[in-house]
Amino acid sequence: MALGTTPNFEDVAIGSDIPGLEKGPLTTAHLMRWSAAMENWHKIHYDKPFAMEHDKLPGLLINGSLKQQFVMQMLADWAGPNGWAWKASFQFRAMNIVEEAVRVWGRVIAKRDGPGYGLIDIELGILNDAGKESTPGTATVALPYKNGQPVPYPFVPPAA
Amino acid sequence: MSALSDSLKKYIGMKSTTEMACDAVERGAVRRYAQAIMYEDPIFDKPCANNARYGGPVAPPLYPTHLARRAFGVPDPIQANARNSDFDGIVAATSSGGLPALEPLNGYALLNGGSEIEFFRYARHGETVSQTSSYADISEKETSKGPIVLVVTETEFRNGDGELLIRTRRTQIRRK
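Protein chains in written order, with this note's numbering: chain A, 1 to 160; chain B, 1001 to 1176.
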């Protein structure tokens, strides 16, 4: 996307890390701002008695929907203006509790050719301050070939 | 199969009607959204070199997935539940994708279990967005903390011209 430049498919090495992101510490104000922006009022993100006493949670939770935004930001920034973050999957395996900072990471695990562009498979996740993984996932980013055309927009996926 | 699984079986494959978001992609709403996710890329703001290929300013990638808002005139679930101590704050428009509520799971807590998302195109400022959902799967599972129900919902988001923007497959974890 816009903030950076797009790497060439050929220049990306399997096993290399893509630039990560750090967000937080994420306070109740961050979570309230996000709830307001998407108009979703799930109390486990801002009503501590409800979260802990009614839903038996260890505290206010950082929204999974907010964490996946950070993953998409990392992928789209890396894809740059001539690439495309095609798909991503995440599992919300562990909770992130309010006041935690999170670090989003991604590593290239495979490369393959697509129709006129290359495809990069990535494993990714979100670590908290203590280094605990909460959101393991995978993604596929389309990148142009060196001296090739930008990845088509709207994106045309490879035939299944 | 448990009585609960049996009562949920009829929902699998159920498809929503196609619902148009009550608001188009608005610049102010995009600003608040981009600031809330701390992603202030200029392509979300005004026309610039980097959004020229998208046809102008766009919304962040996941924005269309959060456009199912309560339209004017639709009853207010927050006020309706003001004296309901079990109300979790989830409003139907944001949780069900236009699908009927899973009645057998009334009173069950909801956690986001994960998502698979495919992106094809950004939503541009001014565009309308529709969504169509279906219950792809509903299954019960035993865990160390007791039984849970996994609800998998597939949704397609399209712009006003019918172009596919995003396809999602979300898993919600429901437990007592």
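Glycine included, each C-beta is placed from N, C-alpha and C at the ideal position. For clarity, every value in this text was computed on a predicted model and none was experimentally measured.
Between Ile1012 of chain B and chain A, is the shortest Cβ-Cβ distance under 9 Å, so that the two count as touching? Locating residue 1012 of chain B in the second sequence gives position 12, where the first residue counts as 1. Taking Cβ atoms only, chain A never reaches closer than 9 Å to Ile1012 of chain B, which makes this a no.
Whose C-beta lies closer than 6 Å to the C-beta of Ala79 of chain A among residues of the same chain, with five residues either side of it excluded? Along the first sequence, one-based indexing puts residue 79 of chain A at 79. Correct list, in chain order: Ala85, Val141.
If you drop the 5 nearest sequence neighbours on each side, which residues of the same chain put their C-beta closer than 8 Å to that of Ile14 of chain A? On the first sequence, position 14 is the one that residue 14 of chain A refers to. Excluding sequence neighbours, Ile14 of chain A sits near Val108, Ile109, Ala110, Lys111.
Is the beta carbon of Val1025 of chain B closer than 9 Å to that of Leu1129 of chain B? Mapped onto the second sequence, residue 1129 of chain B falls at position 129. Mapped onto the second sequence, residue 1025 of chain B falls at position 25. The question names Leu, but residue 1129 of chain B in the sequence shown is Val. Their beta carbons are under 9 Å apart, which means Val1129 of chain B touches Val1025 of chain B by this criterion.
Quick one: using the 10 Å Cβ neighbour count with 16 as the cut-off for buried, is Gly1113 of chain B buried or exposed? On the second sequence, residue 1113 of chain B is found 113 positions in, with the first residue counted as 1. Flag for Gly1113 of chain B reads buried.
Could you check what DSSP says for Leu1102 of chain B in three-state terms: helix, strand or coil? Counting from one through the second sequence, the residue named residue 1102 of chain B turns up at place 102. Reduced to three states, the DSSP call for Leu1102 of chain B is coil.
If you reduce the DSSP assignment to three classes, tell me which class Leu1008 of chain B lands in. Stepping through the second sequence from its first residue, residue 1008 of chain B is reached at position 8. Note: Leu1008 of chain B maps to helix in three-state DSSP.
The segment 1017 to 1043 of chain B: which residues have C-beta closer than 7 Å to a C-beta of chain A, in chain order? Arg1032, Tyr1033, Ala1036, Ile1037, Met1038, Tyr1039, Asp1041, Pro1042, Ile1043
Residues near Phe92 of chain A by beta carbon distance below 8 Å, same chain, minus five either side: Here residue 92 of chain A refers to the residue found at position 92 of the first sequence. The residues are Gly64, Lys67, Ser134, Thr135.
Tell me the DSSP bridge mates of Gly96 of chain A? What you label residue 96 of chain A is simply residue 96 of the first sequence in a count that begins at 1. Residue identity differs from the one stated: residue 96 of chain A is Asn in this sequence, not Gly. DSSP, once it has assigned bridges, lists no residue as partnering Asn96 of chain A.
Can you pull the chain A residues whose beta carbon is under 9 Å from the beta carbon of Ser1134 of chain B, in chain order? Locating residue 1134 of chain B in the second sequence gives position 134, where the first residue counts as 1. Near Ser1134 of chain B there are no residues of chain A at all, since even the closest Cβ is about 18 Å away, more than 9 Å.
Answer with yes or no whether the minimum CB distance from Ala1109 of chain B to chain A is below 9 Å. Here residue 1109 of chain B is taken as the residue at index 109 of the second sequence, counted from 1. It does: the Cβ of Ala1109 of chain B has a partner Cβ on chain A nearer than 9 Å.
Under 8 Å Cβ to Cβ from Leu61 of chain A, same chain only, skipping five residues before and after it: list those, please. In the first sequence, residue 61 of chain A corresponds to position 61, counting from 1. Sequence-distant partners of Leu61 of chain A (beyond 5 residues in either direction) whose C-beta falls short of 8 Å from its own C-beta, in its chain, are Ile44, His45, Ala51, Met95, Asn96, Ile97, Val98.
In or out: Val1074 of chain B buried (at least 16 other Cβ within 10 Å) or exposed? Locating residue 1074 of chain B in the second sequence gives position 74, counting from the first residue. Result: exposed.
Going straight from the alpha carbon of Ile18 of chain A to that of Asp77 of chain A, what length do you get? Here residue 18 of chain A is taken as the residue at index 18 of the first sequence, counted from 1. Here residue 77 of chain A is taken as the residue at index 77 of the first sequence, counted from 1. Cα-Cα distance, rounded: 10 Å.
His1125 of chain B to Ile1043 of chain B, Cα distance in whole Å? Your numbering for residue 1125 of chain B matches position 125 in the second sequence. Your numbering for residue 1043 of chain B matches position 43 in the second sequence. Going from the Cα of His1125 of chain B to the Cα of Ile1043 of chain B covers about 11 Å.
Roughly how many whole angstroms lie between the Cα atoms of Val1030 of chain B and Leu1111 of chain B? In the second sequence, residue 1030 of chain B corresponds to position 30, counting from 1. In the second sequence, residue 1111 of chain B corresponds to position 111, counting from 1. Cα to Cα, the separation comes out at about 26 Å.
When you compare only the Cα positions, how much space is there between Cys1048 of chain B and Glu1040 of chain B? Within the second sequence, numbered from 1, the residue matching residue 1048 of chain B stands at position 48. Within the second sequence, numbered from 1, the residue matching residue 1040 of chain B stands at position 40. When rounded, the distance between both Cα atoms is 14 Å.
Report yes if the C-beta distance between Pro1057 of chain B and Ile1166 of chain B is below 9 Å; otherwise report no. Within the second sequence, residue 1057 of chain B is the residue found at index 57, counting from 1. Within the second sequence, residue 1166 of chain B is the residue found at index 166, counting from 1. Contact: no.
Indicate whether Met72 of chain A and Tyr1033 of chain B have their beta-carbon atoms separated by less than 9 Å. Within the first sequence, numbered from 1, the residue matching residue 72 of chain A stands at position 72. Within the second sequence, numbered from 1, the residue matching residue 1033 of chain B stands at position 33. In this structure, Met72 of chain A lies away from Tyr1033 of chain B, with their beta-carbon atoms at least 9 Å apart.
Closer than 9 Å, Cβ to any Cβ of chain B: which residues of the segment 26 to 51 of chain A, in chain order? If the cut-off is 9 Å between Cβ atoms, the segment 26 to 51 of chain A has His30, Arg33, Trp34, Ser35, Ala36, Ala37, Met38, Glu39, Asn40, Trp41, His42, Lys43, Ile44, His45, Tyr46, Asp47, Phe50 near chain B.
Please state whether the Cβ-Cβ distance between Gly118 of chain A and Pro154 of chain A is less than 9 Å. Stepping through the first sequence from its first residue, residue 118 of chain A is reached at position 118. Stepping through the first sequence from its first residue, residue 154 of chain A is reached at position 154. No. Outside cutoff.
So is Gln149 of chain A buried or exposed if we call it buried at 16+ other beta carbons inside 10 Å? Your numbering for residue 149 of chain A matches position 149 in the first sequence. Result: exposed.
Within chain A, the residues that Arg1069 of chain B reaches when beta carbons sit closer than 7 Å: Working through the second sequence from its first residue, we reach residue 1069 of chain B at position 69. Going along chain A in sequence order, the residues near Arg1069 of chain B (Cβ under 7 Å) are Glu39.
Element boundaries [beta strand (DSSP E), containing Val156 of chain A]: What you label residue 156 of chain A is simply residue 156 of the first sequence in a count that begins at 1. No beta strand (DSSP E) contains Val156 of chain A, which DSSP labels as neither H nor E.
Does chain B have any CB closer than 9 Å to the CB of Tyr117 of chain A? Walking along the first sequence from the start, residue 117 of chain A turns up at place 117. Closer than 9 Å: no.
Could you spell out the range, first to last residue, of the alpha helix (DSSP H) harbouring Lys132 of chain A? As a position in the first sequence, residue 132 of chain A is number 132, starting the count at 1. That residue, Lys132 of chain A, is in no alpha helix (DSSP H); it is neither H nor E in DSSP.
Using the DSSP secondary-structure output, state which residues sit across from Ile178 of chain A in a beta bridge. Outside the displayed range of chain A (1 to 160) lies residue 178 of chain A, so it cannot be described from this structure.
Closest to Thr27 of chain A by CA distance: which of A:Met74, A:Lys48, A:Asn82, A:Asp113 is it? For this step, residue 27 of chain A is matched to residue 27 along the first sequence. It is A:Lys48.
How far does the beta strand (DSSP E) with Gly106 of chain A in it extend, from its first residue to its last? As a working note, residue 106 of chain A is residue 106 in the first sequence. Segment 102 to 113, the beta strand (DSSP E) holding Gly106 of chain A.
Within 9 Å of any Cβ in chain B, is that where the Cβ of Ser134 of chain A sits? Numbered from 1 along the first sequence, position 134 holds the residue referred to as residue 134 of chain A. Not one chain B Cβ lies under 9 Å of Ser134 of chain A.
Helix, strand or coil for Glu53 of chain A per DSSP? Working through the first sequence from its first residue, we reach residue 53 of chain A at position 53. Here Glu53 of chain A sits in helix by DSSP.
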